[in-house]
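Okay, so here's the structure we're looking at.
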Amino acid sequence: MDAMIAFFVARLLQLWKIYRRKLFLFLTAVFVIWFVDCLPDRLFDDPTSTVLLDKNGKLLNATIANDGQWRFRPREKVPYKLAVSMIQFEDRQFLSHSGVNFTSLGRAFFQNLSSGRVVSGASTISMQVIRLMEKNPPRTYSQKAYEVFLALRLEMSYSKKEILAMYASNAPFGGNIVGVDAAAWRYFNRSPEKLSWAESATLAVLPNAPGLIHPGRNREALTKKRNRLLKRLYTCGVINKTEYELALIEQIPDRPAALQQKASHLMQRFVSEGKKGQTITSTVDIDLQTKVANELLMHHAYLAKNHIENGAVIVASVKTGEVLAYVGNISSPDVDETYVDCAVAPRSSGSVLKPMLYAKSLEAGIITPKMLLPDVPSKFGNFSPLNYAETYDGYVPANDALARSLNIPFVYLLNNYGLGKFHRNLQQYGFHTINRPSRHYGLSLILGGAEISLENLTNGYTRMAQELSMGKSNGIYLEQNQPLADVSCRTNPAALFEMFEAMTQLKRPGSDRHWELFDSSQKIAWKTGTSFGFRDAWSIAITPEYVVSVWVGNADGEGRPGLTGFQAAAPLLFRVLDQISINGEWFEAPKQEQTSIPICRESGMRANEFCIDQQVISVPKTCVENRSCPYHIPIHVDPSESFRVSDKCMDIFEMNHPVWFVLPPLNAHYYRLHHPNYKDLPPWMEGCAQQSTQASFSIRYPRNDVRISLSRDLKGSTGEIIVEAYARSKSTVLYWHLDNHFLGTTSTFHQMNCSPRQGKHQLTAIDQEGATQTISFEVI
Ligand SMILES: [Zn+2]
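Okay, here's the thing in structure tokens:
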């Protein structure tokens, strides 16, 4: 038996002698392969917080990571003070060892051996990176050996700077705070780069004992620990005596504070764009963002009395296209639907697109800035627009129609310019929510028939301001280093210049309100808008430097009386403008695109030979195409100029031929109400009339001077009467007014319902030739 054992031993030894070299080589190869491949490609793959920074790297917003940890994106390098503090506290040989400090590892091994358990770690920062990667496994000798190899391997693939950054990004800092970024913001409310020596030292000692940060407890132990590190920094000569002494008196932080939420809607928007878990550097300026959000909150206190609950404000820089403030809603727990980002919600545009049509019409040469546009009750197919105040001027200069935001002149203008063409223009300026064919909107497009977002609006006007001031446009953008591509100009700069000029003519809100503080000498182009049913109030202001836009309303679409651009949005607009330091500059006139032409002072059109009162004004070159004034014409009158005559009744040499300003009859009817100097044509001399002057219609009911008794319902409202007229011609159209309030038009059957209140009234009917009949009646 012994011989057998001896034989096997001898045989094994023989085999060992033959194969030991090969075995050794094989095992070495296995180890090398393992060693080369032992580190995963990505050492840390944990979910991260979404972090939103302002344009200067200040924290605007942050959300917790998916695993419930406050963990920011890993950083690439550790700021100096923090790096020195961490190395001095954790691993003084860090910069010289190769991942493992064998001297201290040997010392620790014997200490642990003598105590019978693992008491001393002797882990280098590199080994701690491995422990963090391994999610803090139990401390055993085999685990330690494993960490040693991985740390050595780590050092072969990564620089010291990278390894320290990995450690700083993944070390625990108490509670659910991971990494120096989350820690610096939550404990000190600033970025790691801005920390003092005392703060850096506090963070350096924390990963070693994150439990020390519990509020109210262990503060003394933590202070001692920090101070020991500060002393070491002092004795090593890293900080001087003064720095040391000042650092000692700094307070240890309290419990971690909640992170600020300064731009929640912007954050929400980036997340919806797939940027969850990323650190995003936005274009927003945190100081302006805070001021604007506060202004909106204060304005809400005023609006809430009228149950207007939501609002949004955007401020953009014209020069750079950066969005400097983006407040998507009122930030208050008391506000309904505060989560809705009203800056991107599509809402009815009201009148805010009118200036663009004005510019486009100037560019097309169909108007001059002062050309008279019709302002009379009108029907465009089935569309019968009304002016906001339901009054009519007959004719009104184009720039005045814009400043007063009259509806009828602009519907007329859109009809002339071309609905399809303007629809395309809006697409070119990025109004992507206007995505139905133009016929879907019809001419109401210019009165709020389409929906736009506050962001679209800001982008469109910023681009126009950029085109005028820089000759190119890139629109607005929200994320740093991602500006949009330059887009060539879409509108003639001289037309844009006139548009902004006309927009300065809006009357500023009166001094009885709280917005008079705004410097009235600053030239500002601005416009308000109100949607049908008082659901949306808009206002936008443009200077060569900034575009500020405001929307207020209810996110659920509820309309409120008084929810108008002028009353509800403009005060906030001026308060926000007040927060921006505007340098007082104005757009430079694009002289090469302008020309001077004589225009008729009364019609605002190119002067014809009969226009007596002319003025030379600077206009876009395209206005040269504008037709000449058709309203100044020579007429034939008798020598006393009291009657019109014709060659039927007077020799041409006896007549006088004065030039008369003659408007079409219906327009003249309204025009004369606002222009007392407007002179009607003299009546025809008897026997001279070329046409019958007999009225084409007569009012049948009510009769002049009648008293009408109307029944009242329970609420005290009076019933209706049906007014009626008879017209001789089938083509007659009548325009009905009750006490200068427009009732509507009739054709063929001239009957119209109306509900006059108790008291005296005047009923007027006018035909398209301007013939008028007025009767009086009284409701008792
Ligand atoms: Zn004229």
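Residue numbers for the sequence shown follow the working numbering, so the first one is 24 and each next one is one higher. Even for Gly, the Cβ is constructed at its ideal location relative to N, Cα and C.
Problem - Minimum C-alpha distance to PRO378 - residue among LEU245, ALA548, PRO160 and VAL228 - result: Of the listed residues, the one whose Cα sits closest to PRO378 is ALA548.
Exercise for the section: Check whether the Cβ of TYR654 lies closer than 7 Å to any heavy atom of ligand 1, and answer yes or no. Expected result: Correct: TYR654 has its Cβ closer than 7 Å to ligand 1.
Practice task
Would you mind stating whether MET628 and MET394 have Cβ atoms separated by less than 8 Å?
Solution key: Annotated as proximal: MET628 and MET394, with beta-carbon spacing under 8 Å.
Handout entry: Cβ-based neighbour list, ARG624, same chain, cut-off 6 Å, excluding 5 preceding and 5 following
Key = The residues are ASP636 and GLN638.
Problem - Proximity test, ASN631 beta-carbon vs ligand 1 heavy atom, cut-off 7 Å - result: In terms of side-chain proximity, the C-beta atom of ASN631 is found nearer than 7 Å to a non-hydrogen atom of ligand 1.
Practice task
Verify the contact flag: HIS365, CB atom, against every heavy atom of ligand 1, threshold strictly below 7 Å.
Solution key: The question names His, but residue 365 in the sequence shown is Cys. No, ligand 1 has no heavy atom inside 7 Å of this Cβ.
Problem - Selection from GLU524, GLU332 and GLU413 that minimises the alpha carbon distance to LEU761 - result: Out of GLU524, GLU332 and GLU413, GLU413 has the C-alpha closest to the C-alpha of LEU761.
Exercise for the section: State buried or exposed for ALA281, treating a residue as buried only when at least 16 other CB atoms are found within 10 Å of its CB. Expected result: By the neighbour-count criterion, in which 16 or more other beta carbons inside 10 Å mark a residue as buried, ALA281 falls on the exposed side.
Problem - Contacts around HIS680, its chain only, beta-carbon distance under 8 Å, and the 5 residues preceding and following it disregarded - result: Once the five neighbours on either side are set aside, the close Cβ partners of HIS680 are PRO657, ILE658, HIS659 and VAL660.
Problem - Whole-angstrom distance between ALA227 and ASP64, CA atom to CA atom - result: The straight-line gap separating the alpha-carbon atoms of ASP64 and ALA227 is approximately 27 Å.
Handout entry: Distance CB(VAL642)-CB(GLN617) smaller than 8 Å
Key = Their beta carbons are under 8 Å apart, which means VAL642 touches GLN617 by this criterion.
Practice task
Decide if GLU490 is buried, meaning its Cβ has at least 16 other Cβ atoms within 10 Å, or exposed.
Solution key: Its Cβ being crowded by 16 or more others within 10 Å, GLU490 is buried.
Practice task
Using only the heavy atoms of ligand 1, determine whether one of them is closer than 7 Å to the beta carbon of CYS646.
Solution key: False, no ligand heavy atom lies under 7 Å from that Cβ.
Problem - Interface flag, ALA335 vs chain C, CB-CB below 8 Å - result: Reference to chain C is not applicable here, since this structure consists of a single protein chain.
Problem - CYS711: CB within 7 Å of a non-hydrogen atom of ligand 1 - result: No; taking the cut-off as 7 Å, the Cβ of CYS711 has no heavy atom of ligand 1 nearer than that.
Problem - Rounded C-alpha distance that separates LEU540 from GLN312 - result: Low confidence applies to LEU540: its pLDDT is 49, below 50, so where it sits in the model is not reliable, and the reading given next is rough at best. Those two C-alpha atoms are separated by around 21 Å.
Handout entry: beta strand (DSSP E) segments (min. 3 residues) lying fully within the stretch 135 to 176
Key = Listed in chain order, there is nothing to give.
Exercise for the section: Kindly indicate the opening and closing residues of the beta strand (DSSP E) around GLN283. Expected result: No beta strand (DSSP E) contains GLN283, which DSSP labels as neither H nor E.
Problem - Beta-carbon gap between GLY388 and VAL399 smaller than 8 Å - result: No; because the gap between Cβ atoms is not below 8 Å, this pair is not in contact.
Exercise for the section: Note down, one range per segment and in chain order, each beta strand (DSSP E) of at least 3 residues found wholly within the stretch 717 to 791. Expected result: Fully enclosed beta strand (DSSP E) runs of 3 or longer: 720 to 724, 729 to 731, 744 to 750, 756 to 761, 764 to 770, 774 to 777 and 782 to 790.
Problem - CYS365 - partner residues in DSSP beta bridges - result: CYS365 is not bridged to any residue.
Handout entry: Exposed unless 16 or more other CB atoms sit within 10 angstroms - verdict on CYS259
Key = Around the Cβ of CYS259, a 10 Å sphere holds fewer than 16 other Cβ atoms; the residue is exposed.
Exercise for the section: Only counting runs of 3 or more residues, tell me where the beta strand (DSSP E) segments fall wholly within the stretch 61 to 143, in order along the chain. Expected result: For the stretch 61 to 143, the full-length beta strand (DSSP E) segments reaching 3 residues or more read 74 to 76 and 82 to 85 along the chain.
Exercise for the section: Compute every distance between the C-beta of SER752 and the non-hydrogen atoms of ligand 1, then say whether any falls below 7 Å. Expected result: No, Cβ of SER752 sits at least 7 Å from all heavy atoms of ligand 1.
Problem - Option nearest PHE610 by Cα separation, candidates LYS264, SER492 and VAL510 - result: The shortest C-alpha separation from PHE610 is found at SER492.
Problem - Three-state secondary structure assigned by DSSP to THR795 - result: The answer is strand: DSSP assigns THR795 an E or B state.
Problem - Own chain residues within Cβ distance below 6 Å of GLU810, not counting five before or after - result: Only positions 24 to 803 of the chain appear in the structure, and residue 810 is not among them; the question remains open.
Handout entry: TYR164, buried or exposed, once every other Cβ within 10 Å from all chains shown has been counted against 16
Key = Exposed is the call here.
Practice task
Would you mind reading off the limits of the alpha helix (DSSP H) that contains GLY334?
Solution key: Per DSSP, GLY334 belongs to no alpha helix (DSSP H); it is in the beta strand (DSSP E), 333 to 340.
Handout entry: Distance between LEU696 and THR795 (C-alpha atoms, nearest Å)
Key = Rounded to the nearest angstrom, the two C-alpha atoms are 13 Å apart.
Handout entry: Cβ pair VAL341, VAL573 closer than 8 Å
Key = Between VAL341 and VAL573, the gap from beta carbon to beta carbon reaches 8 Å or more.
Practice task
Decide if ILE431 is buried, meaning its Cβ has at least 16 other Cβ atoms within 10 Å, or exposed.
Solution key: Buried, since its Cβ has 16 or more Cβ neighbours within 10 Å.
Practice task
Consider the C-beta atom of CYS623 and the heavy atoms of ligand 1; say whether any pair is separated by less than 7 Å.
Solution key: For ligand 1, a non-hydrogen atom lies closer than 7 Å to the CB of CYS623.
Handout entry: Identified DSSP bridge partners for VAL419
Key = The partner list for VAL419 (beta bridge, DSSP) reads LEU396.
Handout entry: SER848 (DSSP reduced to helix, strand or coil)
Key = Absent from the model: residue 848. The displayed extent of the chain is 24 to 803, so no value can be given.
Practice task
Could you tell me which residues DSSP pairs with GLN617 in its beta bridges?
Solution key: Beta-bridge pairing links GLN617 to PRO643.
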